[in-house]
Every structure is written in structure tokens, then in C-alpha cells.
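K.L.:
Residue numbers (my numbering): 26 to 189. The beta carbon of each residue, even a glycine, is placed where N, CA and C say it ideally should be. Can you read through this structure? Questions will come right after.
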């Protein structure tokens, strides 16, 4: 006959524990920190340059928008005399901290109001986080000519000003 036996005392449930010490050693942690530090020292400069390129591209778009604004004004007024940039176009990016400020330039000097009838030059002057950028200030003339002002000696127009 088959009888079902029930033990008098239930079996003990135990967790499996690995013998020996657990966790990381100080050497393992130091090696990991050293690897992370090396990777960060390589990655951060690349990331910072990537951010600067993005800000430069934003400034170039802002210069193009301001140029289009002045061209539309010239089409309706047949002169640039008296032209000013609207406050919304005075900085790049338009919201938040300015990385560049946009100005009209005549004879190398920033002016608030244009006095030349048939030409203009726009300049994006570095500000804030971009103040020490190697590419300097970006310029765009009415002819579409692009230039760098106050740039480092190793700055190349094609690298700093796309389409230049």
C-alpha cells in the first residue's frame, strides 16, 4: 500500500552563499576609476568642440536670417540707409544666454543704423561661452562673402564658417 509520509519537522530553507569575501577590492576600484578618467579626458574635448560647432552653426543661420531681412527691406525701400536689426535678431541663440551678438558693421565698426545705401556687412561677435573660440567673429557681407575677424592664427574659414 502506498502511504503518504509527512515529515515531523519541515526542512530548513537556506540561501546559497558563496564562500569567501564579497565585493570589490580597492585595486579594482582604482583601476576602474583610472579607466573612466582616461575616457573622460579624451571625450570631453571632443564634446566641447562639438558644442562650439553647433553654436557657430546657429550664429551662421542667424546671420543668414538677418541678411534675408535686410534684403527684403532693400527690395521695398531701395536703400539700406536707416536699416536696423530687430531686437529678435540681435543675438544667437534667440533665447537663453547669447553665444553671439549680431551687429551691422561699417568701416570695421559696429553701427546701430546703416548709413550705406547699397551694401551692408553683418558680424556675429562672440559672447559668453564662445568668447575664447578660436574661430573669432563671423562676418557676412551683402555679396555673400564670408570672413573671420579676431580669429586665432590656425583658424581656417572653411572649418569655422560652413559654405565659406
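Grab the span of the beta strand (DSSP E) containing residue 99 for me, first residue to last.
P.N.:
That residue, residue 99, is in no beta strand (DSSP E); its alpha helix (DSSP H) goes 51 to 102.
K.L.:
Residues bridged to residue 146 by DSSP?
P.N.:
DSSP, once it has assigned bridges, lists 130 and 166 as partnering residue 146.
K.L.:
Where residue 56 and residue 79 are concerned, what is the direct C-alpha to C-alpha distance, given to the nearest angstrom?
P.N.:
Spanning the two alpha carbons is a distance of roughly 35 Å.
K.L.:
I'd like the list of long-range same chain contacts for residue 89, defined as Cβ closer than 8 Å, with 5 residues on each side in sequence excluded.
P.N.:
Once the five neighbours on either side are set aside, the close Cβ partners of residue 89 are 165.
K.L.:
May I ask you to report which of helix, strand or coil DSSP gives residue 110?
P.N.:
Looking at residue 110 - three-state DSSP - the assignment turns out to be coil, as it is neither helix nor strand.
K.L.:
Along the chain, where does the beta strand (DSSP E) containing residue 173 start, and where does it finish?
P.N.:
That run of the beta strand (DSSP E) goes 171 to 174.
K.L.:
Buried or exposed: residue 103, going by 16 or more other Cβ atoms within 10 Å of its Cβ?
P.N.:
Exposed, by the Cβ-count rule.
K.L.:
Compare the C-alpha of residue 146 against each of 158, 157, 153 and 133 and name the closest.
P.N.:
When only C-alpha atoms are compared, the closest one is 133.
K.L.:
Under three-state DSSP, which class holds residue 154?
P.N.:
If DSSP states are grouped into helix, strand and coil, residue 154 belongs with the helices.
K.L.:
Note down, in chain order, each residue of its chain lying with its Cβ closer than 8 Å to the Cβ of residue 153, except the 5 sequence neighbours on either side.
P.N.:
Counting only Cβ-Cβ distances below 8 Å, and skipping sequence neighbours, we find 122, 123 and 124.
K.L.:
Are the CB atoms of residue 161 and residue 174 within a distance shorter than 8 Å?
P.N.:
Result yes, Cβ atoms of residue 174 and residue 161 sit closer than 8 Å.
K.L.:
Taking the CB atoms as reference points, tell me whether residue 96 and residue 128 lie closer together than 8 Å.
P.N.:
No, they are not a contact pair.
K.L.:
Exposed or buried, which one is residue 116 when buried takes at least 16 other CB atoms within 10 Å?
P.N.:
Under this definition residue 116 is a buried residue.
K.L.:
If you check the beta carbons only, do residue 159 and residue 183 fall under 8 Å apart?
P.N.:
Cβ atoms of residue 159 and residue 183: not closer than 8 Å.
K.L.:
Which residues mark the beginning and the end of the alpha helix (DSSP H) in which residue 183 is found?
P.N.:
Taken as a continuous stretch (DSSP letters only), the alpha helix (DSSP H) holding residue 183 covers 182 to 185.
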